[in-house]
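Protein chains in written order, with the numbering used here: chain A, 1 to 170; chain B, 1 to 521.
Glycine included, each C-beta is placed from N, C-alpha and C at the ideal position.
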């Protein structure tokens with residue numbers, strides 16, 4: 001226990017102000033009205049769906065929760081079920097084998113809801129494009145509100161994209 | 001690459017009076033008649049060889065089945081059997097190597113070739129919505145070919161009896177994880193059986209390869225499994241360079257190894273944190289996440305990418321290191337290894353985490369050997385395997401790593417191996433950077449001649465990655481096969497969690513940390 005406490009004290013708080021994003025983030029015409037967006041600002045619950053990514057995007061999504069970025073300080077947290085979620089964070093070029101599961105997950109999220117397509121694959125198919133095995137873009141399957149480019153996007157890009165989705169100032 | 005095993009296998013097959021021809025490579029490949037295919041596997045099994053992979057290819061309308069075997073320091077041997085025109089079946093290797101089961105199901109899915117004697121020919125990557133007659137890796141199937149959706153169902157293994165029930169999980173999991181489906185048969189809290197259903201992340205990577213040249217295909221290889229992007233790129237490049245008959249400069253080989261060892265450190269650190277987090281020990285998770293982020297940030301600064309993607313390319317690497325970069329990399333590697341040493345002491349003293357991990361999800365050495373489990377998982381069950389030492393590819397031929405193994409094969413052993421390998425990697429990085437040879441780091445890649453082939457393995461942080469490539473006309477890839485270690489280790493997870501309580505499944509799953517994308521391709 002002593003060693004743990006010593007380590008915690010020695011490392012201190014490493015959380016830092018949010019940096020600049022390096023990638024383009026596009027906010028698409030959203031059907032959500034401003035009032036709802038504003039309500040989401042206080043506490044946003046995210047359900048992440050991997051629709052066939054190479055798992056690089058997942059590594060960076062995980063990194064948002066590390067002590068440097070500490071996503072939860074913005075009132076944003078990940079939940080274990082789409083039933084608890086306000087927002088779907090989708091990665092991958094939507095593999096044929098995930099298409100139905102993605103639709104079902106979207107349907108399971110209660111209204112009002114938002115969708116972010118994170119990473120080049122989710123935005124436009126990326127390196128994989130549209131083939132026998134992949135649909136090619138999340139927006140081909142479910143409505144998308146925000147696009148975050150990058151292969152993969154950095155944790156900063158991802159956090160900025162999430163904050164923009166709920167209309168928080170940068 | 002070390003192909004000494006080929007000679008051993010040739011002499012054993014001669015003794016058994018099996019006719020064969022050797023196609024000189026590099027690498028050499030033993031050609032046997034279709035009727036002898038299973039016999040070769042039987043002899044290989046008797047000799048204690050490990051089945052690395054089994055795959056198929058098509059040329060001029062006829063199919064070939066390939067296999068790669070390995071045996072410790074003797075390295076690797078390739079074998080192939082050509083099926084006659086119109087022949088669409090081959091003898092299954094499953095009676096000798098159960099690990100071939102899923103590989104042959106994939107051949108069946110993608111080529112429509114039937115492994116005779118295979119006990120389970122349910123479709124694997126091709127889910128029930130796919131038309132049965134669609135064979136994506138056949139040459140007459142277009143990459144963009146449309147596929148109609150079909151209704152279908154997948155018959156899972158079931159259990160009957162009072163008190164037994166079933167838990168279906170996935171493909172969308174409760175955490176930030178890749179997609180896959182697990183079907184648990186359970187009594188009370190004990191798992192009786194786990195059946196995996198994978199293929200959800202299938203992106204047609206092997207089909208994509210076939211429309212590209214080596215330079216463009218390297219980007220695809222880098223995305224086979226994002227967490228092992230360096231190792232996958234490296235295995236692909238080694239195979240392509242072998243086919244072209246060229247080796248990269250010593251400096252490029254050293255830089256590739258530095259990148260691969262840094263990738264190993266980052267993933268092992270991340271895994272240690274995540275395993276502890278699954279046992280509710282947030283302290284370790286936060287410390288490890290912090291260190292992993294430190295590595296990613298330096299990667300971004302020195303190489304322009306946090307995960308080191310697209311740095312290893314045919315002909316070398318895309319970025320060099322200057323003296324300042326070398327100093328930074330050495331300093332940080334040693335500092336992080338030092339902190340992980342400190343965290344190891346804390347871990348060893350923490351009885352509540354030890355109570356969760358010791359004895360959970362054990363695999364016997366015998367089972368690990370039968371399946372040929374790879375990487376951390378194999379070494380935690382006393383399998384002394386490491387492609388860096390056994391395949392002896394450059395630069396590890398000059399600095400083979402000290403391979404650590406341990407007993408038990410449980411979550412605790414898999415954690416211990418990771419802690420040890422972080423230190424080994426740090427020592428290797430130090431050595432590689434101190435002895436970094438002068439010279440170029442990238443040369444233009446000369447497209448190999450039509451018909452040339454290559455086979456290479458690389459020890460990723462997860463275990464051995466094997467890549468086989470053959471070139472067609474104009475430098476285009478005719479066929480490229482990739483075997484991620486997850487193809488084999490997923491089978492180990494099914495074994496490990498029998499009689500484990502359901503709440504300990506995440507702990508075990510994380511300690512294996514198999515790649516869904518690498519398996520599904």
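* Just to confirm, are residue 207 of chain B and residue 132 of chain A a CB contact at a threshold of 9 angstroms? -> Start at 1 with the first residue of the second chain, and residue 207 of chain B comes out as number 207. Start at 1 with the first residue of the first chain, and residue 132 of chain A comes out as number 132. Taking 9 angstroms as the Cβ cut-off, residue 207 of chain B and residue 132 of chain A qualify as a contacting pair.
* **Residues of the region 439-462 of chain B with Cβ closer than 7 angstroms to any Cβ of chain A, in chain order** => none
* **Contact set between the region 223-244 of chain B and chain A, restricted to residues whose Cβ is under 8 angstroms from the partner** => 223, 224, 225, 226, 227 and 229
* Asked: Since residue 122 of chain A meets chain B, which of its residues come closer than 7 angstroms, beta carbon to beta carbon?
  -> Residue 122 of chain A sits at position 122 when you count from the first residue of the first chain. Result: empty, since nearest Cβ-Cβ is about 13 angstroms, beyond 7 angstroms.
* **Under the three-state DSSP convention, the category residue 468 of chain B falls into** => Taking the first residue of the second chain as position 1, residue 468 of chain B is located at position 468. It is a strand residue.
* Length of the line joining the Cα atoms of residue 161 of chain B and residue 119 of chain B -> For the purposes of this step, residue 161 of chain B is identified with residue 161 of the second chain, where counting begins at 1. For the purposes of this step, residue 119 of chain B is identified with residue 119 of the second chain, where counting begins at 1. Their Cα atoms are separated by approximately 25 angstroms.
* **Beta-carbon neighbours of residue 144 of chain A, restricted to chain B and to distances below 9 angstroms** => Locating residue 144 of chain A in the first chain gives position 144, counting from the first residue. The premise fails here: residue 144 of chain A is roughly 17 angstroms from chain B at the closest Cβ pair, so nothing lies under 9 angstroms.
* To do: State the start and end residues of the unbroken alpha helix (DSSP H) segment that holds residue 73 of chain B.
  => Your numbering for residue 73 of chain B matches position 73 in the second chain. First-last for residue 73 of chain B: undefined, no H or E at that position.
* Asked: Rounded to whole angstroms, how far is the Cβ of residue 131 of chain B from the Cβ of residue 204 of chain B, which I believe are closer than 8 angstroms?
  -> Start at 1 with the first residue of the second chain, and residue 131 of chain B comes out as number 131. Start at 1 with the first residue of the second chain, and residue 204 of chain B comes out as number 204. With a Cβ gap of about 15 angstroms, residue 131 of chain B and residue 204 of chain B do not count as contacting.
* Give a yes or no on contact between the region 16-26 of chain B and the region 330-341 of chain B, applying the rule of three or more CB pairs nearer than 8 angstroms. => no
* Could you check the C-alpha separation between residue 43 of chain A and residue 115 of chain A for me, to the nearest Å? => Sequence index remark: in the first chain, residue 43 of chain A carries index 43 (1-based). Sequence index remark: in the first chain, residue 115 of chain A carries index 115 (1-based). In a straight line, the C-alpha of residue 43 of chain A is about 16 angstroms away from that of residue 115 of chain A.
* Mind listing which residues of the region 123-138 of chain A have their C-beta closer than 9 angstroms to chain B's C-betas, in chain order? -> 126, 127, 128, 129, 130, 131, 132, 133 and 134
* Is residue 78 of chain A helix, strand or coil when you go by DSSP? -> Locating residue 78 of chain A in the first chain gives position 78, where the first residue counts as 1. Correct three-state label for residue 78 of chain A: strand.
* Roughly how many angstroms lie between the CA atoms of residue 153 of chain A and residue 64 of chain A, to the nearest whole one? -> Here residue 153 of chain A is taken as the residue at index 153 of the first chain, counted from 1. Here residue 64 of chain A is taken as the residue at index 64 of the first chain, counted from 1. Whole-angstrom Cα-Cα distance: 11 angstroms.
* For the beta strand (DSSP E) holding residue 114 of chain B, just list the boundary residues, first then last. => Sequence index remark: in the second chain, residue 114 of chain B carries index 114 (1-based). Where residue 114 of chain B is concerned, the enclosing beta strand (DSSP E) stretches over 114-116.
* CB contact flag (residue 38 of chain B, residue 91 of chain B, <9 angstroms) -> Start at 1 with the first residue of the second chain, and residue 38 of chain B comes out as number 38. Start at 1 with the first residue of the second chain, and residue 91 of chain B comes out as number 91. Yes, the Cβ-Cβ distance between residue 38 of chain B and residue 91 of chain B is below 9 angstroms.
* Three-state class that DSSP yields for residue 114 of chain A in the structure shown -> In the first chain, residue 114 of chain A corresponds to position 114, counting from 1. Here residue 114 of chain A sits in strand by DSSP.
* Asked: What in chain B is Cβ-close to residue 62 of chain A, meaning under 7 angstroms?
  -> For this step, residue 62 of chain A is matched to residue 62 along the first chain. Per Cβ cutoff of 7 angstroms: 176.
* Check the DSSP bridge columns for residue 57 of chain B and list the partner residues they point to. => The residue you call residue 57 of chain B lines up with position 57 of the second chain. Answer is B/64.
* Could you tell me whether the Cβ of residue 170 of chain A comes closer than 9 angstroms to any Cβ of chain B? => Your numbering for residue 170 of chain A matches position 170 in the first chain. Its pLDDT being 49, under 50, residue 170 of chain A is placed unreliably in this model, and the value from its coordinates should be taken loosely. Taking Cβ atoms only, chain B never reaches closer than 9 angstroms to residue 170 of chain A, which makes this a no.
* To do: Mind listing the chain A neighbours of residue 39 of chain B? Cutoff is C-beta to C-beta under 7 angstroms, in chain order.
  => To locate residue 39 of chain B, count along the second chain from 1; it is residue 39. What residue 39 of chain B touches in chain A: nothing, since even the nearest Cβ is about 36 angstroms away.
* To do: May I have the straight-line CA-CA distance separating residue 103 of chain A from residue 97 of chain A, to the nearest angstrom?
  => Taking the first residue of the first chain as position 1, residue 103 of chain A is located at position 103. Taking the first residue of the first chain as position 1, residue 97 of chain A is located at position 97. For residue 103 of chain A and residue 97 of chain A, the distance between alpha carbons rounds to 12 angstroms.
* Asked: Out of curiosity, what's the CA-to-CA distance linking residue 165 of chain A and residue 141 of chain A?
  -> Your numbering for residue 165 of chain A matches position 165 in the first chain. Your numbering for residue 141 of chain A matches position 141 in the first chain. Each residue's Cα considered, the two are about 19 angstroms apart.
* Asked: Which residues in chain A sit within 8 angstroms of residue 400 of chain B, going by Cβ to Cβ distance?
  -> Counted from its first residue, the second chain places residue 400 of chain B at position 400. Under the 8 angstroms cutoff, chain A gives no residues; its nearest Cβ is about 29 angstroms from residue 400 of chain B.
* To do: For residue 506 of chain B, name the three-state secondary structure that DSSP assigns.
  => Residue mapping note: residue 506 of chain B aligns to position 506 of the second chain, counting from 1. Three-state DSSP puts residue 506 of chain B in a helix.
* In chain order, each beta strand (DSSP E) run of at least 3 residues that lies wholly inside the region 130-170 of chain A -> 146-148
* Could you name the residues of chain A that residue 201 of chain B contacts, counting a contact when the two beta carbons are closer than 9 angstroms? => Translated into the one-based positions of the second chain, residue 201 of chain B becomes position 201. The contacting residues are 50, 51, 52, 53, 54, 55, 92, 95, 97 and 98.
* Quick one: grab the DSSP three-state call for residue 165 of chain B. => Sequence index remark: in the second chain, residue 165 of chain B carries index 165 (1-based). Residue 165 of chain B falls in the strand class under three-state DSSP.
* Asked: Could you check where the alpha helix (DSSP H) with residue 230 of chain B kicks off and where it finishes?
  -> Residue 230 of chain B sits at position 230 when you count from the first residue of the second chain. Segment 229-244, the alpha helix (DSSP H) holding residue 230 of chain B.
* Could you give the residue range of the alpha helix (DSSP H) that holds residue 489 of chain B? -> Sequence index remark: in the second chain, residue 489 of chain B carries index 489 (1-based). 486-496 is the extent of the alpha helix (DSSP H) around residue 489 of chain B.
* To do: Please name the residue in B/279, B/413 and B/396 whose C-alpha comes closest to that of residue 427 of chain B.
  => Here the question's residue 427 of chain B lines up with position 427 in the second chain. When each option's Cα is compared against that of residue 427 of chain B, the closest is B/396.
* Is the CB-CB distance between residue 93 of chain A and residue 134 of chain A below 9 angstroms? -> As a working mapping, residue 93 of chain A is identified with position 93 in the first chain. As a working mapping, residue 134 of chain A is identified with position 134 in the first chain. Contact: yes.
* To do: Determine the direct distance from the alpha carbon of residue 82 of chain B to that of residue 32 of chain B, and round the result to whole angstroms.
  => Counting from 1 along the second chain, the entry for residue 32 of chain B is found at position 32. Counting from 1 along the second chain, the entry for residue 82 of chain B is found at position 82. If I take the Cα positions, the gap works out to 8 angstroms.
* Asked: Tell me, which residues are paired with residue 543 of chain B by DSSP?
  -> Outside the displayed range of chain B (1 to 521) lies residue 543 of chain B, so it cannot be described from this structure.
* To do: Run the proximity test for residue 7 of chain B: is its beta-carbon closer than 8 angstroms to any non-hydrogen atom belonging to the ligand GTP?
  => With respect to the ligand GTP, the structure offers nothing, as it holds no ligand at all.
* Asked: Between residue 170 of chain A and residue 317 of chain B, what straight-line distance do the alpha-carbon atoms span, to the nearest angstrom?
  -> The sequence position of residue 170 of chain A within the first chain is 170, counting from 1. The sequence position of residue 317 of chain B within the second chain is 317, counting from 1. Summary for residue 170 of chain A: the model assigns pLDDT 49, below 50, so the residue's position carries little reliability, and this model does not support an answer.
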